[in-house]
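Numbering (this note's numbering) for the sequence shown: 20 to 1001.
Yeah, the Cβ is synthetic: ideal placement off N, Cα and C, and Gly gets one too.
The structure presented is a predicted model; accordingly, all values stated were derived computationally and were not measured.
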Amino acid sequence: STVLNRGNTNTGTAVFELQGADDVTLDHLSITGALTGVLAANGQDSDRLTVTDSRVWNNAGRGIHVDASNDYLVVSGNVIEYNGQGGVYVNGTDALVEGNEIGRNGGSWGVEVYNVRGRVLDNVVYGNANGVISSESTAVVADRIVIAGNRVFGNNGTGIQGTYGANVYDNEAWDNGTGISGYYGTQVHDNLSWGNGTGLYVYQATARDNRVWGNTTGIELVYNSEVVGNRVYGNSGVGVLSSGWDGWIHNNVIEANGGAAVLLNGVSYSGRGARVENNTLVATAADAIVVQGSSSNVRIRNNIIDVRGTGYALNVASNSQQGFSSDYNLFSLSAGAKVAYWEERGFANRTDWFYEVGFDRNSLSADARFADSDGADGKVGWDGSTVAGSVRVVDDGDATFATTGTWTSIANGRGGDVRTTAAGDGSSQASWTFDGLSAGYYRVSATWPYQANQSGNSTFRIYDGDILVGADVHNQNYHASAGFTDGGSIWEEISIVRIDGASLKVVLDNLANGGVLADAIRIERLSGDYGADDDLHLQGNSPAIDRGDPDSIALNEPTPNGARIDLGAYGNTSGATASANPLIQVLGPNGLEKVEVGAPTTITVRSAGLLPYDTVALLDVGNPNLMGTSADGWNYQNYRADGWSNYYTSIGDSQAIDTSGANTGPASMYRSIAYVPSGVGNVLSYDIGASDGQYQVVLHFVENGNLNVGDRQFDIGLNGTTVAQKVDIRALAGAPNKALALSYDLTVAGGQGISIDLTNVSSYYTASISGIEIRRINSTGVANPAVNLELSTDNGATWSTIATGVALDKYGRGQATWTPTTETVGNSALIRATATIGAGAGAVTVSDTSDEAFLIANGGKKYYVNDAGTVGDEYTTAVGNNANSGKDPGKPMASLAALLRAYDLDAGDVVYVDNGTYSLATNIVLGQQDSGVVIQGAQQPGHSTVLNRGNTNTGTAVFELQGADDVTLDHLSITGALTGVL
């Protein structure tokens, strides 16, 4: 070796100092003994420095320090180790740090990159205070720092940290405090993170398509971060932890973690709220979703929630109920599991949960029918237990123990002796080799005796054959190994590693601050990873297919996709299971409803594949700060891609909007308008994921000012092709504040999706838009399919026709009014919808039935509620049950709030609430439709009807009147809220 030893670590010393030198190459050198190994200070303008195949080590400061103005650095194929203040620091542009081994450096970070277009690729970074950090703010995607292909392990703090829009992908991080973190727009994707304290951490950043397992906490997101498409399993604590505001957790598989699948702790609302949507959650040891810490405005939609233990699908703390909503979920519950915990009480089934609290009206309870929920190995998650008979020990006197350099034996330790060598340059090494192993996970531990004046930073490194897979630093100075006892020795864990070969080797060298001790190494194979082979896709007969919120977007699902999102992690993704085509679905009554004889009831249906086109997206894009859907069913999900999302305006409610034009949408959608800054050539753009196929794109506009014809003009481009030039909203609509819809056919191929560009032609009045409607073309659809409706009152044994020729609107939706005539005995009524297209031999008929049965009650004006007992009852003869009709003394419901959710009460209706104490899960809300109702409690001496809210937080009340007139509350005990009657 060529060793260049500065021999002086004082301020200003370096082995190499560049002062304006360009195109310098340092190759096959050993660089040591200075404050800085290689130095290019700020302002020196030394470009294209190359350091290759060298060892940069044992410098008191950084190994390599290249500051601003020194661009195009290349650091490749080096060993950069044991430097006091870090391995590589780069603040010049266009740096490449590639294929190095960067380990056991002190200071803050092994690698630091702080300027545009930096690349940190395919390095092994281990045993540092922290691994790799990047930080450079740029709006230009091509200028962002890339951290990819690195193997990062055994760092005390964070393995990789990307900041300000870095692109962090294809890395593997294990045995760090935090595996990978991303801040402020960083994209953390397609990484592997396991065996860390926290697998991934994102702060105003995105974690996408990562596999995260065997950590303490899987993923933590804070402040407007997005966690999407990840597989998170087998973590000993929480799967995904969210705090701060506006976190979005969607399309993840979160399975078999020790804690909650999702924990929302102290989340709050700042425009969109916290959202948990389209995840597949499998809880085996705890609750599935926990909301706590004064969280607010939590939205839970379109999830599959599979609780296989005895926990709750939903657990919401009393201080975290404000703005909470949950619907369109599938609950798959084991015998001991429950739907929800709310107001310090459990709800075992969806009937009570919906009627008493009001959530998950459109959800269902069923087996999700996964493709293979536990994989070929028949197990889920991570198993850290030891495989029986797998423990092996190599002592310092055994045949597979070896040394290089000078070692001496001390009469102490396991087997009566331990080897030691003085501190040095790392050339003195001890190794322990274990052959004949199976691929998998191994816990590696070491033992050594108490000994004075030894190293405080002895580094054990672990190899899979010749590949470094683990490392840990241990204190051997006046410190014997400490941890667990086995075979007469005390063992201290080094690391858990994964090997692919048949040989594992542990190496201890003398690159340390004192003598090192080599005694014995113990390995044990762990059962390991059982989650990688689990397949949580849906079988073709799964009830979760086409079962999500009809207003959610399903554009990315392959065709046929039913024009409705699937539940679970693969909804609105290319992994969705194919739908039946064509199809019709009953939306209501669809289960749990209570309708009354003589009361007109609306039956609603939806379809896909029946009409000439299916509407697959209705996007209200005028305001980027809204979430969910409008009252008219337009989705606020915003696909804006131009970087000017803060440019939007609105039309006040006092201004009428004319929607008389062809193909226009609801007036509410046109009230919000997105636009771009003035300037010819500025582009208002949207990128919308969509599966391949034939589409019609309908763009919705309105001119909201008193502009003249010609004042505002722009071009329209779809997928890079201009489809309209000098579009003038005012001229085409014919008047201000008049809606305009423009339609264009589009073929999507090659996974390109749909891009929409509106480019300014006018210099001052700029391109604007309110809505985007996307229709998928159906080649076999017809204008007027035949849709008929039938009723069964005996759980489907017999059917009778109740409507024929039901029309479908342009969105494929239909409805009919039906007036029940016969009361059912319990929940035994079903609706069946049948649709036919074509005729004769070519006719295609499809049908659908209500997912669950509903109830038809009598048409009387008396209603009954009772608690779980009958002692002292005045009005009822049976205990309350929310599955009952509540219209008969022998069939009372269990909750007043539940009864009010079940029925639209009218003047003259009387609700008899019998003797007892009723714990209220929510406010009892009386709306305008309940005007004139009488709520009557127990009247006899010694009897009382106690309505106890049990929650005095802000906004709570026992009775909350919202427009109800002429209400009578009689003989009631009203208590336990912030306000009794509000």
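Coarse secondary structure for residue i, derived from DSSP in three states
i       : result
Tyr-689 : helix
Gln-38  : coil
Trp-837 : strand
Ile-748 : helix
Asp-677 : strand
Asn-654 : strand
Leu-383 : strand
Tyr-203 : coil
Asn-124 : coil
Ala-449 : strand
Gly-176 : coil
Trp-213 : strand
Phe-873 : strand
Asn-102 : coil
Ser-337 : helix
Leu-629 : coil
Tyr-894 : coil
Arg-163 : coil
Ala-805 : strand
Val-43  : coil
Chain-order list of residues whose beta-carbon lies under 7 Å from that of residue i (same chain, five-residue window excluded)
i        : result
Ser-1011 : What is shown of the chain runs 20 to 1001, which leaves residue 1011 out entirely.
Arg-813  : The displayed chain sequence assigns Asp, not Arg, to residue 813. Only Ser-847 meet the Cβ criterion.
Gly-484  : Gly-520, Ser-522
Ala-395  : Asp-552
Arg-170  : Val-143, Glu-191
His-962  : Gly-891, Glu-893, Asn-934
Cβ-based neighbour list, residue i, same chain, cut-off 6 Å, excluding 5 preceding and 5 following
i       : result
Asp-415 : Arg-438, Ala-537, Asp-538
Asn-494 : Gly-475
Gln-206 : Asn-186, Thr-225
Leu-945 : Leu-980, Ala-983, Val-986
Gly-365 : Lys-357
Gln-732 : Lys-745, Asp-747, Val-780, Ser-781
Tyr-689 : Ile-676, Val-721, Ala-758, Ser-789
Ala-976 : Asn-942, Ala-996, Thr-998, Leu-1001
Which residues DSSP lists as bridging residue i, in chain order
i       : result
Gly-459 : Ile-518
Ser-477 : His-493
Tyr-931 : Tyr-883, Gln-955
Asn-967 : Ser-938, Thr-994
Phe-343 : The partner list for Phe-343 (beta bridge, DSSP) is empty, contrary to what the question assumes.
Ile-791 : Leu-638, Leu-718
Tyr-222 : Tyr-202, Val-241
Leu-827 : In the DSSP output, where bridge partners are listed per residue, Leu-827 has none listed.
Thr-741 : Gly-736
Asp-64  : None, per the DSSP bridge assignment.
Asp-867 : Ala-852
Residue i at chain C interface by Cβ criterion, 8 Å
i       : result
Asp-346 : The displayed structure is made up of one protein chain only, and chain C is not part of it.
Proximity of residue i and residue j at Cβ, strictly below 8 Å
i       : j       : result
Gln-955 : Tyr-931 : yes
Val-667 : Ala-693 : The displayed chain sequence assigns Tyr, not Val, to residue 667. Yes; because the gap between Cβ atoms is below 8 Å, this pair is in contact.
Gly-969 : Leu-939 : yes
Leu-545 : Tyr-461 : yes
Ala-59  : Asp-42  : no
Gly-122 : Gly-146 : yes
Ile-238 : Gly-218 : yes
Ala-872 : Leu-808 : no
Asp-933 : Val-952 : no
Proximal residues to residue i (C-beta, below 8 Å), its chain only, five neighbours per side dropped
i        : result
Gly-684  : Leu-637, Asp-651, Trp-653, Thr-678, His-719, Ala-758, Ala-760, Gly-790, Glu-792
Ser-1005 : Because the chain spans 20 through 1001 in this model, residue 1005 falls outside it and cannot be assessed.
Exercise. How about the segment 628-638 and the segment 888-897: do they share at least three Cβ pairs that are nearer than 8 Å?
Worked result: no
Exercise. Can you find at least 3 beta carbon pairs, one from the segment 448-467 and one from the segment 510-529, that sit closer than 8 Å?
Worked result: yes
For this session: Say whether the segment 344-360 touches the segment 580-588, bearing in mind that this needs 3 or more beta-carbon pairs closer than 8 Å, one atom from each stretch.
Result: yes
Exercise. Can we say the segment 187-206 touches the segment 496-508, given the rule of at least three CB pairs closer than 8 Å?
Worked result: no
Problem set entry | Touch test, the segment 268-276 against the segment 293-303, Cβ-Cβ under 8 Å, three pairs minimum | yes
Exercise. Using 8 Å as the Cβ pair cut-off and three pairs as the minimum, do the segment 851-862 and the segment 902-918 touch?
Worked result: no
Exercise. When the Cβ atoms of the segment 769-780 are set against those of the segment 690-709, are three or more pairs found closer than 8 Å?
Worked result: yes
For this session: Mind the definition here: the segment 50-67 touches the segment 22-33 only if three or more C-beta pairs lie below 8 Å; say whether that holds.
Result: yes
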